[in-house]
Amino acid sequence: MKKIQKLLVVAVTLLLVFSLAACGSSSKETSSSSSGGEKGKSGDDIQELTIKISHVVAENTPKQAGAIAMKEYIEKESGGKIKVQVYPNSQLFGDKDEYQNLVANNVQFIIPDMSKMVGNDPGFNVPAMPFLFKDDAAAEAFWDGEKGQEIFKRLEKDGVHGLAMWPNGAKHMTNNKKAISKPEDLKGLKIRTQGGQLLEEIYGKLNAGSVSIPFNELYTALQQGTVDGEENTFSNIESKKFDEVQKYTTVMGHTRVDYALLTNTKFWDSLNEKTKEIVQKGVEAGTKVARDSAAKLNEDALKKLKDRGQTKINELSPAEIEAFKKELQPVYDEWAKKIGEDIIKDAESKNK
């Protein structure tokens, strides 16, 4: 009997020990699970990355302002886990090779002039359509809308994802030969353009030659007389000091410089939800800064050009601009069909 009692005591004791051990284990598991959940909420799932942004223009431009805003937002909101390196002035890649390096994911973001994209899709000729948009706001509304986004989506075949349009603004002509106030004044001049058949036809219609030269080589080409002139925004003309080698500037606004913020699709798809959210909001922050700064920088640049007094500035009257519009109407009509009349109609509607 005593033997049985002892065995019962031992059995009860063992049961208590196992029961307590089980409770302790369950408590630890609950604690561990809770801790893991809190870790996810605190942002430990942000990927550690180094992102490169490459562009071809100078530091004091809307493009650089937007790129720096992207960098600052992404690095801050990721707690430093995402490093963003910005390369202006063709330091990393130039006009000729930046798109190919984006496709290869050697760089994660580029911001090319849309005129460089016309070989990828004719829709990127929209900024080169003569006198199509009345201002930056109209151009932004088009690219944010259905037809603009449709053009961006066509790059997906290359493994490229279009994110946003960043404006630089209306373009104006400079040259080293003579003042320009009417279409006939361009006869015989050789003008550097960003390239593309539409721009070639515009200058062909004005009896001028057009040459495509990389932006980072343009100052030397103007200085050496390889070309007589070029077309650009005030911020690009002033920041690159083209007025040092161009006697005449014509305020015209005939075409535009607009940029496409592009990323590599594989890179974009490799981001987890938390990381992509931070990068996407960084893109939005950069877009806002680029857009807000474009008009101001161009206004300030024109003032600096006037103050420096190295180039004679001729502002065309409304009647003189109408003469250019009339001369270029056949080119406009032809290219509306090539780009898509539905696209051009949508773009025209943004001027209201």
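Per mature numbering (1 follows the signal peptide of the UniProt record, and there is no 0): the sequence shown = residues -21 to -1, 1 to 331.
All C-beta atoms in this analysis are idealised placements derived from N, C-alpha and C, irrespective of residue type, glycine included.
Residue i versus residue j - alpha carbon distance
| i | j | result |
| --- | --- | --- |
| Gly138 | Asp321 | 26 Å |
| Glu27 | Glu38 | 27 Å |
| Pro91 | Glu223 | 25 Å |
| Gln203 | Arg171 | 13 Å |
| Ser57 | Asp271 | 25 Å |
| Lys260 | Lys220 | 34 Å |
| Met93 | Leu240 | 10 Å |
| residue 400 | Val97 | Any question about residue 400 goes unanswered here, given that the chain covers just -21 to 331. |
| Asp279 | Leu71 | 28 Å |
| Ile30 | Gln87 | 6 Å |
| Lys275 | Gly288 | 20 Å |
| Asn211 | Gly174 | 13 Å |
| Phe250 | Ile25 | Looking at the sequence provided, one finds Leu at residue 250 rather than Phe. Each residue's alpha carbon lies about 9 Å from the other. |
| Trp122 | Gln128 | 6 Å |
| Ala107 | Trp314 | 10 Å |
| Val286 | Ser218 | A small fix is needed here, since residue 286 is Asp in this sequence, not Val. Straight-line Cα distance between these residues: approximately 14 Å. |
| Ala118 | Glu179 | 22 Å |
| Leu134 | Val82 | 10 Å |
| Lys317 | Tyr238 | 21 Å |
| Asp312 | Ile300 | 18 Å |
| Gly208 | Gln308 | 23 Å |
| Leu281 | Glu252 | 44 Å |
| Asp248 | Ile323 | 32 Å |
| Gly167 | Lys55 | 53 Å |
| residue 333 | Asp76 | Given a span of -21 to 331 for the chain in the structure shown, any question on residue 333 remains unanswerable. |
| Gly148 | Lys126 | 20 Å |
| Gly59 | Ala298 | 55 Å |
| Glu51 | Thr199 | 34 Å |
Contact belief for residue i with residue j at Cβ below 8 Å, rounded distance in angstroms
| i | j | result |
| --- | --- | --- |
| residue 364 | Val65 | Given that the chain is displayed from residue -21 to residue 331, the structure contains no residue 364 and the question cannot be resolved. |
| His34 | Lys150 | His34 to Lys150, Cβ: 18 Å. No contact. |
| Ile159 | Asn293 | 7 Å |
| Leu284 | Phe194 | Actually they are not in contact, since the Cβ atoms of Leu284 and Phe194 sit about 18 Å apart, beyond 8 Å. |
| Ala187 | Leu201 | About 15 Å separates the two Cβ atoms, so there is no contact after all. |
| Asn84 | Phe246 | 6 Å |
| Val310 | Lys113 | That pair is no contact at about 19 Å. |
Minimum C-alpha distance to residue i - residue among the options
| i | options | result |
| --- | --- | --- |
| Phe303 | Ala116, Lys50, Phe213 and Pro109 | Pro109 |
| Ile61 | Ile257, Ser94 and Ser33 | Ile257 |
| Asn104 | Glu217, Ile89 and Ile181 | Ile181 |
| Asn277 | Lys132, Val236, Leu185 and Thr29 | Val236 |
| Ile89 | Asp279, Ile32, Arg287 and Thr205 | Ile32 |
| Pro146 | Gln43, Asp248, Thr242 and Leu134 | Gln43 |
| Val36 | Glu301, Asp286, Asp248 and Leu197 | Leu197 |
| Asn80 | Thr242, Lys157 and Lys113 | Thr242 |
| Gly141 | Tyr78, Lys156 and Thr40 | Tyr78 |
| Ile47 | Val262, Tyr238, Pro297 and Asp248 | Val262 |
| Gly319 | Ile130, Asn99, Lys55 and Gly59 | Ile130 |
| Lys136 | Asp76, Asn99 and Ile323 | Asn99 |
CB contact flag (residue i, residue j, <8 Å)
| i | j | result |
| --- | --- | --- |
| Thr153 | Thr228 | yes |
| Gly124 | Ala269 | no |
| Pro162 | Glu306 | yes |
| Leu111 | Ala326 | yes |
| Met49 | Ala273 | no |
| Lys329 | Ala120 | yes |
| Lys169 | Val206 | yes |
| Lys95 | Asp115 | no |
| Thr290 | Lys226 | yes |
| Leu295 | Val230 | yes |
| Asn155 | Thr40 | no |
Check: residue i C-beta below 7 Å from any heavy atom of the ligand FAD
| i | result |
| --- | --- |
| Ile32 | For the ligand FAD, the structure offers nothing, since it holds no ligand at all. |
Alpha helix (DSSP H) runs contained entirely in the region 58 to 119, provided each spans 4 or more residues: Runs found: 77 to 82.
Uninterrupted alpha helix (DSSP H) stretches inside the region 232 to 257 (no shorter than 4 residues): 244 to 249
Runs of alpha helix (DSSP H) wholly within the region 203 to 231 (minimum 4 residues, chain order): 213 to 218
Whole alpha helix (DSSP H) elements within the region 134 to 207, 4-residue minimum: 176 to 184 and 197 to 203
Completely contained alpha helix (DSSP H) runs for the region 271 to 319, where each covers 4 or more residues: 297 to 318
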